[in-house]
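K.L.:
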Amino acid sequence: MTEIFKMPDIGEGMAEGEISNWLVKVGDQVKTDDSVAEVQNDKLLQEILSPYSGKVTKLFVDAGTTVEVGAPLIEFDGDGSGAAAESADTKKAAVSEPTAATKPATVDSQPAAAEKVTAAGAATASNGNVLAMPSVRHFAFEKGIDLAAVPATGRHGHITMDDVKNFTAATTAAPVQEAAATAIETAKPAAKTNPVPEPLKEGRVPMTPVRRAIAKAMATQNATIPTVTNFDQIEVSKLVAHRKQFKVLAADQNIHLTYLAYVAKALAATVKKFPELNASIDMDKQEIVYHDDINIGIAVSAPTGLYVPVVVHADQKSIMTIASEIADLAASVRDGSIKGTQMQGATITITNIGSARGTWFTPIINAKEVAILGLGSIVKEPIISDDGTIVVGQMMKLSLSYDHRLIDGMLGQTSVNYLKSLLADPAYMLMEV
Numbered sequence: 003m004t005e006i007f008k009m010p011d012i013g014e015g016m017a018e019g020e021i022s023n024w025l026v027k028v029g030d031q032v033k034t035d036d037s038v039a040e041v042q043n044d045k046l047l048q049e050i051l052s053p054y055s056g057k058v059t060k061l062f063v064d065a066g067t068t069v070e071v072g073a074p075l076i077e078f079d080g081d082g083s084g085a086a087a088e089s090a091d092t093k094k095a096a097v098s099e100p101t102a103a104t105k106p107a108t109v110d111s112q113p114a115a116a117e118k119v120t121a122a123g124a125a126t127a128s129n130g131n132v133l134a135m136p137s138v139r140h141f142a143f144e145k146g147i148d149l150a151a152v153p154a155t156g157r158h159g160h161i162t163m164d165d166v167k168n169f170t171a172a173t174t175a176a177p178v179q180e181a182a183a184t185a186i187e188t189a190k191p192a193a194k195t196n197p198v199p200e201p202l203k204e205g206r207v208p209m210t211p212v213r214r215a216i217a218k219a220m221a222t223q224n225a226t227i228p229t230v231t232n233f234d235q236i237e238v239s240k241l242v243a244h245r246k247q248f249k250v251l252a253a254d255q256n257i258h259l260t261y262l263a264y265v266a267k268a269l270a271a272t273v274k275k276f277p278e279l280n281a282s283i284d285m286d287k288q289e290i291v292y293h294d295d296i297n298i299g300i301a302v303s304a305p306t307g308l309y310v311p312v313v314v315h316a317d318q319k320s321i322m323t324i325a326s327e328i329a330d331l332a333a334s335v336r337d338g339s340i341k342g343t344q345m346q347g348a349t350i351t352i353t354n355i356g357s358a359r360g361t362w363f364t365p366i367i368n369a370k371e372v373a374i375l376g377l378g379s380i381v382k383e384p385i386i387s388d389d390g391t392i393v394v395g396q397m398m399k400l401s402l403s404y405d406h407r408l409i410d411g412m413l414g415q416t417s418v419n420y421l422k423s424l425l426a427d428p429a430y431m432l433m434e435v
């Protein structure tokens with residue numbers, strides 16, 4: 003008699019499962035309740051048992067195939083002793099309430115020759131393991147139950163899920179079994195007790211008006227301007243030497259000659275050559291506004307916040323004059339005497355973290371501008387000279403953020419390249435500006 007074993011519902015509302023491994027092959031002789039396959043659903047890997055006895059004549063799918071519940075799995079040329087493929091509920095009922103014809107191997111039943119029966123009634127395989135489905139073993143493990151102590155009611159001495167649940171309930175309710183339960187709990191691996199984190203310690207202070215204004219402006223500008231930042235560096239040994247030569251002369255004029263003054267002058271020359279960097283975007287009118295003036299904003303950090311005073315007409319001033327103005331503006335910021343008019347009219351900005359030994363970063367573009375230049379530190383680094391030898395150079399880090407609505411990447415990098423050429427050679431810069 004030919005029988006077709008169909009994919010059973012192995013529980014938890016399973017609609018399908020993957021045949022991970024076949025445990026039988028065509029030609030094998032199978033007895034009822036022999037394991038025939040491993041099925042992986044979305045939660046567990048379980049063995050499924052054959053409801054039929056007989057010879058396997060066909061496997062309908064290959065291992066690794068996902069099969070819906072009810073689809074054919076195995077064809078048996080059986081002896082007719084098996085029942086039709088069962089649903090999970092039907093199978094469970096059959097296991098929990100065995101009939102005389104399919105009486106399970108309990109303590110009172112006769113175990114198979116290859117099996118031994120434990121004191122609790124569970125059969126053991128020839129390797130000594132208690133017979134139980136993987137899902138049952140997993141459940142017992144989670145509950146800390148020793149399966150050898152669980153009375154089995156399944157066929158051929160298999161411990162069923164109900165057996166474990168009943169055993170758990172009984173050991174919990176019966177005082178006489180408290181000792182056993184305690185022993186089981188003791189046998190369980192000690193559960194890790196994660197320390198409870200302490201509440202965060204914090205102090206709150208209200209934002210100053212300046213910090214509120216900065217926070218609002220930064221959030222708005224960062225959200226509304228599509229920004230790209232190009233990172234680059236330039237060997238500025240000649241610039242370092244030039245400043246070293248002239249800073250004494252500047253000091254005689256009570257001027258602190260900084261690298262920032264050189265960069266401001268070079269940037270003024272750069273935006274004069276690339277006017278897109280010295281512009282604004284008027285989205286209301288859908289227009290690009292090119293500025294005739296070149297006014298360099300200089301970001302200055304103060305205890306109360308970040309200020310951006312402006313060196314107006316930087317393209318028309320000498321490096322010495324720019325250095326002097328930057329020093330005066332920075333002093334006004336730090337002593338609180340800076341005026342609002344001194345922070346208006348910038349067309350492009352420089353921000354500097356070099357004094358804090360910073361390198362590259364992503365400056366946020368100020369409103370009504372389309373670019374901002376970030377300066378990093380100047381550090382000695384090994385470089386490869388034109389003749390191929392490795393020498394020590396003075397490297398300056400640059401970060402140029404620009405508004406991608408107006409400035410494309412090629413233009414951004416081209417302008418950075420020109421800026422680098424000016425900073426690399428002060429003599430060339432003085433020829434250009």
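According to this note's numbering, the sequence shown holds residues 3 to 435 in order. All C-beta atoms in this analysis are idealised placements derived from N, C-alpha and C, irrespective of residue type, glycine included. As the structure is a prediction and not an experimental result, all values here were calculated from the model.
(1) Could you check what DSSP says for Gln346 in three-state terms: helix, strand or coil?
(2) By Cβ distance below 7 Å, which residues in the same chain neighbour Val381 in space, the five residues on each side in sequence not counted?
(3) In the structure shown, what three-state DSSP assignment does Pro365 receive?
(4) By how many angstroms is the C-alpha of Arg336 removed from the C-alpha of Thr306?
(5) So the candidates are Val230, Tyr264, Ile21; which of them puts its Cα closest to the Cα of Asn354?
(6) Using CA atoms only, rank isn't needed, just tell me which of Val212, Met163, His244, Gly72 is closest to Gln48.
(7) Run through DSSP, which three-state label would Val71 get?
(8) Measure the Cβ-Cβ separation of Ala219 and Ala333 and say whether it is below 8 Å.
(9) Hey, how far is the Cα of Gln288 from the Cα of Thr222?
(10) Would you grab the beta carbon distance between Ala252 and Met322 for me? Rounded to a whole angstrom, and I think it's under 8 Å.
(11) Measure the alpha-carbon distance for Val418 versus Met209 and round it to whole angstroms.
(12) Please classify Tyr309 as buried or exposed, where buried requires at least 16 neighbouring CB atoms within 10 angstroms.
(13) Using C-beta distances below 8 Å, list every residue in its chain close to Gln346, excluding the 5 sequence neighbours before and after it, in chain order.
(14) So the alpha helix (DSSP H) Met433 belongs to, where does it begin and stop?
(15) Give me whichever residues DSSP pairs with Asp284 in a beta bridge.
(16) Taking DSSP's pairing of strands, which residues face Ser401 in a bridge?
(17) For Lys8, which three-state DSSP category applies?
(18) Based on DSSP bridge pairs, tell me the residues matched to Ile409.
(19) Do Thr351 and Ala304 have their CB atoms nearer than 8 Å?
(20) Figure out for me which residue from Val69, Ser37, Phe62 has the closest Cα to the Cα of Ser55.
(21) If we ignore side chains and look at the alpha-carbon of each, how far apart do Gln415 and Ile340 end up?
(22) Report buried or exposed for Glu237, applying the criterion of at least 16 other Cβ atoms within 10 angstroms of its Cβ.
(23) Got a sec, what are the start and stop residues for the alpha helix (DSSP H) Val273 sits in?
(24) Which same chain residues end up closer than 6 Å to Gln31 when comparing Cβ atoms and leaving out the 5 residues on each side of it in sequence?
(25) What is the rounded straight-line gap between the Cα of Gly390 and the Cα of Tyr292?
(26) Per the DSSP calculation, Ala197 is bridged to which residue(s)?
(27) How about Glu5 and Val71: are their beta carbons less than 8 Å apart?
(28) Below 7 Å CB to CB, which residues in the same chain sit around Phe248 once its five sequence neighbours on both sides are set aside?
(29) Near Lys27, which residues of its chain fall below 8 Å by C-beta distance, leaving aside the five closest residues on each side in sequence?
(30) Quick one: what does DSSP say Leu251 is sitting in, helix, strand or coil?
(31) Could you name the residues of the same chain whose beta carbon sits closer than 7 Å to that of Thr349, not counting the 5 residues immediately before and after it, in chain order?
(32) Would you mind reading off the limits of the beta strand (DSSP E) that contains Glu18?
(33) Going by the beta-carbon positions, is the gap between Asp317 and Ala271 smaller than 8 Å?
(34) Is there at least one non-hydrogen atom of the ligand FMN closer than 7 Å to the beta-carbon of Glu327?
(35) Applying the criterion that 16 or more other CB atoms from any shown protein chain within 10 Å of the CB defines a buried residue, is Ala315 buried or exposed?
(36) Looking at the secondary structure, which residues open and close the beta strand (DSSP E) in which Val302 lies?
P.N.:
This is what the structure holds:
(1) coil
(2) Met397
(3) coil
(4) 9 Å
(5) Tyr264
(6) Met163
(7) Val71 sits in coil when the DSSP states are folded into three classes, being neither helix nor strand.
(8) No, the Cβ-Cβ distance between Ala219 and Ala333 is not below 8 Å.
(9) 19 Å
(10) Confirmed, about 6 Å.
(11) 37 Å
(12) buried
(13) Val312
(14) Bounds of the alpha helix (DSSP H) holding Met433 are 428-434.
(15) Glu289
(16) Note: Ser401 sits in a beta bridge opposite Phe233, Gly376.
(17) In the structure shown, Lys8 adopts extended strand secondary structure according to DSSP, grouped into three states.
(18) Paired residue(s): none; Ile409 is not in a bridge.
(19) no
(20) Nearest option by C-alpha distance: Ser37.
(21) Distance between the alpha carbons of Gln415 and Ile340: 35 Å.
(22) buried
(23) 261-275
(24) Once the five neighbours on either side are set aside, the close Cβ partners of Gln31 are Lys57.
(25) Answer to the nearest angstrom: the Cα atoms are 43 Å apart.
(26) What sits at residue 197 in the sequence shown is Pro, not Ala. Note: Pro197 sits in no beta bridge, so no partner.
(27) no
(28) Leu259
(29) The residues are Val58, Leu61.
(30) helix
(31) Asn280, His293, Asp295, Ile296, Asn297, Glu371
(32) 18-24
(33) yes
(34) For the structure depicted, the ligand FMN is absent and the ligand set is empty, with no information on it obtainable.
(35) Before going on, a small fix: residue 315 reads as His here, not Ala. Exposed, by the Cβ-count rule.
(36) 302-304
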